[in-house]
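Peer 1: Chains A and B are the protein sequences, given in the same order.
Counting along the first sequence from 1, when you hit position 166 you're at 166 in the numbering used here, and nothing is skipped either side.
Counting along the second sequence from 1, when you hit position 609 you're at 967 in the numbering used here, and nothing is skipped either side.
Glycine included, every Cβ here is placed at the ideal spot set by N, Cα and C.
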Amino acid sequence: MQFIKNIINTLSDPTFLLPIAAVIFLVSLRKPAFWSKKGGLIALALVSGFMGVSLFDPYFRIIVTKPDNVPIVSLIFLVGFFTWLALHQGFENDRRIAEGKLPAEKDTSNDKVWVWPDLVYTELISMVIFGAVLIVWSVYLKAPLEEPANPTMAPNPSKAPWYFLGLQEMLVYYDPWIAGVLLPGLIIIGLMATPFLDINPKGNGYFTFKDRKYEITVFLFGFVILWILLIILGTFLRGPNWNFFGPYKYWDVHYLLPLNNVNLSEFIYVKGLKTGLPSNWFLREVPGIILVLLYFTVTPLMFAKRWFKRFFLNMGAVRYQIMMFLLLCMFSLPIKMVLRWTMNLKYIVAIPEYFFNI
Amino acid sequence: MAVEKHDRNYDTRDLNRVFAIGSLVLLAVTLLMVADDYSRQWKDVQRRFHSLEASRTRREIQEVERALQAGEMKRLQSELKAAEDELARHRDAYERAVKAASRIDGEVYGKDLDFRFAKATYDSKKYKAEQEIAELRKERKESEADAKQAELDAVKGKMDSAKLALEAVTAEQAKAKAEVARLAGRIDDLQTKMTKMRATRDRLKKKLEIVDSSFTTWLVNAPMLDFMAPTLLIQQVVLPKLRHDINFMEIPRVDRCQTCHTVIDKPGYDKPTDRQPFRSHPDLALYAEQSAKHPIDRFGCTACHGGRDRGTSFVNTAHTPDNPKQRKEWEEKYGWEKMRYWDTPMRSRSHFYAGCYQCHSQQVTIPEAGPLDRGLRIVEVSGCYGCHAIKGFEKLRKAGPDLSHVASKTDEKWAFRWIRNPRSYRTGARMPSFFGQDNQKDAPKGDRPAASDLNDAEIEALVTYIWDKAVPIKYDPVPGTGNPTKGKELFDSIGCRACHTDDANEKFANRANPRAFGPNLAGLGSKTSQAWVFRWLKDPKHYWKETNMPNLRLSDQEALDLSSYLMSRRNEAFDRIPVPTVSEKTRDWLTREYLSARLSHAETEVKMRTMDTRAKKLYLGEKMITKYGCFGCHQIKGFESAQPIGTELTEEGSKPVERLDFGLKEDEIPNTLPAWVSAKLDNPRQFDEGKIKSWDEKLKMPNFYFTPEENTALVTVIQAFSKARMDVDMRRNLSADEAFIEEGRRIVRDHNCIGCHTFERDKTRTESLGEAAIRATIQDVGYWPPMLAGEGEKVIPLWLFNFLKGPTTIRPWLTARMPTFGLSDHETVAISRMFAHADRAEYPFESDYFKLEPASPDLLAGGAKLFTEFKCLQCHVAGAGKPERDAADLAPNLSLARSRLRPLWIEKWLRNPEALQPGTRMPGFFPDMKSPDKETLGGDAAQQIRALRYHVLGLAAKGLPAVTTGN
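1) Determine the burial state of residue 647 of chain B: buried for a count of at least 16 other Cβ atoms within 10 Å of its Cβ, exposed for fewer.
2) Rounded to the nearest angstrom, what separates residue 423 of chain B and residue 438 of chain B at their Cα positions?
3) Which residues, taken in chain order from the region 236-266 of chain A, show a beta carbon closer than 9 Å to some beta carbon of chain B?
4) Which residue marks the beginning of the beta strand (DSSP E) containing residue 530 of chain B, and which one marks its end?
5) At a Cβ cut of 7 Å, what residues of the region 180-192 of chain A count as close to chain B, listed as they run along the chain?
6) In the DSSP assignment, find the beta strand (DSSP E) that holds residue 608 of chain B and state where it starts and stops.
7) Within its chain, find whatever has a CB closer than 6 Å to the CB of residue 1003 of chain B; leave out the 5 residues flanking it on each side and keep chain order.
8) For the region 303-321 of chain A and the region 221-229 of chain A, state whether three or more C-beta atom pairs, one from each stretch, are separated by less than 8 Å.
9) Return the chain-ordered ranges of every alpha helix (DSSP H) run that is complete within the region 467-492 of chain B and spans a minimum of 4 residues.
10) Could you tell me whether the Cβ of residue 128 of chain A comes closer than 8 Å to any Cβ of chain B?
11) With H, G and I counted as helix, E and B as strand and the rest as coil, what does DSSP make of residue 791 of chain B?
12) Is it buried or exposed, residue 48 of chain A, if we count other Cβ atoms within 10 angstroms and call 16 or more buried?
13) Please identify, using Cβ separations under 7 Å, the residues of the region 376-392 of chain B that lie next to chain A, in order along the chain.
14) What did DSSP end up calling residue 1324 of chain B once you bin it into helix, strand or coil?
15) Residue 1069 of chain B: which of B:737, B:622, B:1091 sits nearest, CA to CA?
16) Going by CA-CA distance only, name the one from A:341, A:293, A:100, A:211 that's closest to residue 349 of chain A.
17) With distance defined between alpha-carbon atoms, name the residue in A:3, A:345, A:252 nearest to residue 175 of chain A.
18) Give the interface partners of residue 394 of chain B over in chain A, defined as CB-CB distance under 7 Å, in chain order.
19) What are the partner residues of residue 238 of chain A, as DSSP defines its beta bridges?
20) Spatial neighbours of residue 665 of chain B within its chain, please: C-beta separation below 6 Å, excluding the five flanking residues on both sides.
21) Spatial neighbours of residue 1072 of chain B within its chain, please: CB distance less than 8 Å, with the 5 preceding and 5 following residues excluded, ordered by chain position.
22) State buried or exposed for residue 359 of chain B, treating a residue as buried only when at least 16 other CB atoms are found within 10 Å of its CB.
23) Chain B beta carbons: is any one of them nearer than 8 Å to that of residue 155 of chain A?
24) Determine which residues of the region 692-717 of chain B have a Cβ less than 8 Å from any Cβ of chain A, and write them out in chain order.
25) Check residue 348 of chain A in the structure and name its three-state DSSP category.
26) Quick check on the burial criterion: 16 or more other C-beta atoms within 10 angstroms. Buried or exposed for residue 1267 of chain B?
27) Near residue 893 of chain B, what residues of its chain come up, given a Cβ to Cβ distance below 7 Å and the 5 sequence neighbours on each side ignored?
28) Work out the CA separation of residue 334 of chain A and residue 389 of chain B for me, nearest whole Å.
29) Compare the C-beta of residue 205 of chain A against all C-beta atoms of chain B and say whether one is closer than 8 Å.
30) The beta strand (DSSP E) spanning residue 602 of chain B covers which residue range?
31) Name the chain A residues that come within less than 9 Å of residue 606 of chain B, Cβ to Cβ?
32) So which residues on chain A does residue 1349 of chain B lean against when the C-beta distance must stay under 7 Å?
33) In its own chain, which residues sit with a C-beta less than 6 Å from the C-beta of residue 1031 of chain B, not counting the 5 before and 5 after it?
34) I want to verify the contact list: residues of chain A whose CB lies under 7 Å from the CB of residue 1014 of chain B, in sequence order.
35) Would you kindly work out how many angstroms separate the C-alpha atoms of residue 668 of chain B and residue 614 of chain B, rounded to a whole number?
36) Mark residue 361 of chain B as exposed unless 16 or more other C-beta atoms lie within 10 angstroms of its C-beta, in which case mark it buried.
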């Protein structure tokens, strides 16, 4: 038993968890069988089984049954369910379209939508059941009030609210300006810009995957992997001092992990060229700056020539460039993560003089 | 049934089913929510209390009924029967009388009504008429005016006649009532008597109605209906002046303890069968009751006990178990778990008294708070404040002796053995053990020598350094030889035993015991020289200016005898302890370790080569003194302004438990502050167990070897040192009187006056303070040092001042000698003032009645006569010599009265000696102010007492008769 727990503890480390989860997720999008009813039930059984058996471990139990964290447990099931539902419907419709039929939503009527009593009655029933669930919840899980705030004693770990845990996780890899202002700002701007960038006319009013492969993959990657998974990581697997603790590990406040991270400029000058760092910041960071510029300028061109030719031609240069910019920003996070895990890279561009580090 | 065919996505019947089930579930869940909301633990407790009260009341009713059945009640009942029979015989007359009485009642009512209407009419008419008549008279319309007046008079006449009618009828009514009473009065009488007898039972029955549960009770406490008049109520006391600090503001306390502890302020619930929480508070006269010193509606509970005031369940009020056994019991019985989110949990039973300190810190002793008091005394005696800064203890002198001249007192070998293990020399040594502790048992490892060798090196360095800095004193050889046997007699009788013992095996349960005030003198011969002891006995302050050892005004021969006795006592076992030689290797390793903390490796080697052995010893010695903080207790040259090395303890009781270092012992020691402090005091270095530390990083606190009682007392004290700040209004503020008394008490405590004397009249206080400890060593009551309770109203302050500065003999038969303490003027005045204020006597001057009202010749003659008649000189010493009587019967020298005693006190004393000094042998010559001598001064006791007073006061001037025997 301890052996299995140790394996799970090791695999839950972000270095393994995120890549494995990303790969599994992206692969599963290619296989409609994953998203069938049977597939969904198997996934549910696995997750519930894992939770149920893990509850026997005292440390797991303490974290998971904490009243603050119970909603995040339900988040796992709810997000899982709705993702499954959407993709299941999507693949269903793809199958129907391949057979020449109309998608399920358009099957009954093209200009009418279910309302009375189907929608409204079901809403009423949902309200009743939801009310009952909430009341039971409030009776058995008391509000997580803690001791009077003490300015001389900050709680450890100090966690952001659950909806910002993704950003707090980003703070591990990026400096606060980027992780707290720039990237979240770009997320919002990106979401606002999406209607103008998305020119795919298909998928209007019905679930589909094949017709919107790229859009759905990118969105689900960003949402499920880069947002939800990081929330789950931040809730259950980050402990005191924001150290990683496996699900069955004791949250030891005194646990020390050395953080020996190196900037790119140090890699190049100190390790590579074996000289000291130049005193002029521009000289020092010019390799990193060039790299970043290349990333944002050359990559779109490369993609336009080969894999994203279709997009480039359909969307036009401006839309394409904006879309690529946002996409590259989004992928900079996993790229930085991988660089940190493999090379202990701290910053690609480190200009502390102007509080600007990438 | 016609079912219309509509387009449906779901089968309506299925939906209906789901809806129905869902709604029923919602209803059930709502009822669950209501039940969960309304079922509270405190309600169950109160219900339990009510049922206990109900069964208790029922039992009481039964007892009362049984008492009623017997005796008086039966007799009354038979009398009542007889009276009723009597009445039955006169039934007709009775009924007629009753009818008449009721008829007349009606008439009275009617006539009363008539009168009142008539009066009202008259009053209103009079008002109107007055004005009209006046008007008319002004206009000279006399006849009209008269007519109006006549009208008014007529109305008045009606009113008057109505009144007369009413009075007549009222008289008749009284007669009728009397008639009825005559016939039935006896019955009423008897019934009143019986009601009175049943009063207790009726009261109890009423109480039972209230307390017993019934449908009404259930209804009135039901959810939603309990806003009207519930019987299950939260009881709370709001205390705006006692505030609770929640870090960003202070909120008034709202103590809800009485919700469950229903009868905490009522007497009578203290039998063993009464179980918590339905028990009275112990010592109700002091706590909780309305008339107590700490009534519950002014002080509440949590101000003293800690805990969460607004909580209403056993767990969330932060009750604290006292020991692991109680903790287990609570976990099983009440599902107890630690209330994690409250920073000030309740103090457990052993540490209740910690709460007294926040208001009573200005008092020198708080005898009612035993453990706290003892703990504070232990802090003073052990010198904790020498290493740990504690606010309020900064001004105390250092707890250990001055080491400025130690080289002239003892030798380095003795000092080495002493420092290594003080207990090997002296049981009950106050000096704690710094070396040989649990974290200094490492075996040699590579380069590093064994820890015990390193300790030896440290001690050797320490001793060398101190010896180097000591200022020598030249001691002349002793003038002659002493007799140890005589010395022992002196030691036993002269008063040394009030502060010292010379029994190597005598252990005191509490190091704050007055007889442990001075060190245990067994084995003195192993430590020092006779010359030193001789000079010390003759003049203690020559060696240590702040010593508490007083000067006993010994003659040279006495000092020789005593010193030779003390020097004859050696500690053989201690003498045999070898002093190891420290190897150069060990010394080098240690020196290198400390040098390399500041210098680089290369520089260290250079420096090492320049230091010879002695230089290394001195270097290490200085480092060790800084490391172990010896200057915290001892004065050492060069360290006069060094700061204490330990953590500040002023607010240690409020320290969050997360800040305490449990080392690797988190599983063994409960995660609470009291448990940590207790473990720390028990074995301070235990938290180093299993830790990897460099030599200098190891824990340094020495081990005091506290007994379990001392440990509990000290944990109480630490919890008393909290950051709670009491409102000035609520604190025990000392009045001017009390401040003077406390100042004197402080000096009395610090110089161990209580070693010989009692100061309190209250026997329990005397015992709890351990006053007059020397009495345990003196068999004969006659040789006990005098009791000082009541000294203030007794002696003239100036005399007391001079006496304390230079004692003279008052009771020549006593072998114990009042020492010269060498107090400053201020301290002496403070003591004298303390006595006066304690007795509310005038201070510092009182009239000299001897001069103010000179005595008449009659009075003088009478006084002389009474003095001989009452045979005063049979017991009282006068002039030189003493009467042949038991020491217990002897009395002070009366020639001192003039300069020593307050005149009015002499009279008070003569009136009733037993009241002033319980247990005195002075006879009371004037019981109930009646004199046995009926002739002198007309047999007037008051005059006789006055005469005696004058006589006694005149004795000094007259000179006294020679020694008398009997007669």
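Peer 2: For this structure:
1) buried
2) 19 Å
3) 253
4) Run containing residue 530 of chain B: none in the beta strand (DSSP E); it sits in the alpha helix (DSSP H), 500-569.
5) none
6) It spans 608-613 - the beta strand (DSSP E) in which residue 608 of chain B sits, taken as one unbroken run.
7) 745, 987
8) no
9) none
10) yes
11) strand
12) The residue in question, residue 48 of chain A, is exposed, as its Cβ has fewer than 16 Cβ neighbours within 10 Å.
13) 376, 377, 380, 381, 383, 384, 387, 388, 390, 391
14) Note on residue 1324 of chain B: pLDDT 36, under 50, position unreliable in the model; no value is reported.
15) B:737
16) Among A:341, A:293, A:100, A:211, the Cα nearest to that of residue 349 of chain A is on A:293.
17) A:345
18) 139
19) A:244
20) 675, 676, 704
21) Taken in chain order, the residues that qualify are 733, 736, 737, 1035, 1039, 1064.
22) Residue confidence for residue 359 of chain B is low, a pLDDT of 43 falling below 50, so the modelled location carries little weight; the figure read from the coordinates is stated next. Under this definition residue 359 of chain B is an exposed residue.
23) no
24) 698, 699, 700, 701
25) The answer is coil: DSSP assigns residue 348 of chain A none of H, G, I, E or B.
26) When all chains shown are included, residue 1267 of chain B counts as buried.
27) 833, 900
28) Pairing residue 389 of chain B with residue 334 of chain A, the inter-Cα distance amounts to about 50 Å.
29) It does not; no Cβ of chain B falls within 8 Å.
30) 595-603
31) 148, 149, 150, 151
32) For residue 1349 of chain B there is no data in the structure shown, the boundaries of chain B being 359 and 1325.
33) 1015
34) Under the 7 Å cutoff, chain A gives 153.
35) Each residue's Cα considered, the two are about 6 Å apart.
36) Any reading at residue 361 of chain B must be qualified, since the residue scores a pLDDT of 46, below 50, and its modelled position is unreliable; no value is offered.
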